[in-house]
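Below is one structure, written out as structure tokens; comments come after it.
Residue numbers (my numbering): 762 to 840.
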């Protein structure tokens, strides 16, 4: 079963040279856990809903945008 985290990790692998999928997944989890702790509880709950796949992202921020942001944080190529 594909999760939002694993989808983001796959996109990070595509955008960051030399990173493996397990490394990308671990990085995604670390970053998202950090972000979630910094958010107000009501926003953190929305993030949980997104990550569990309970929110349709087709009209909002896409996974490509999220992966690009995360890839930039990890030092990936910026295009």
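Beta carbons are placed, not taken as given, at the ideal position from N, Cα and C, and that holds for glycine.
Could you spell out where the alpha helix (DSSP H) holding residue 800 opens and where it closes?
No alpha helix (DSSP H) holds residue 800; DSSP gives it neither H nor E.
Simplified DSSP state of residue 773, which is helix, strand or coil
helix
Only counting the same chain, and skipping five residues up and downstream in sequence, which positions put a Cβ closer than 6 Å to that of residue 805?
797
Taking DSSP as the reference, what is the three-state secondary structure of residue 813?
coil
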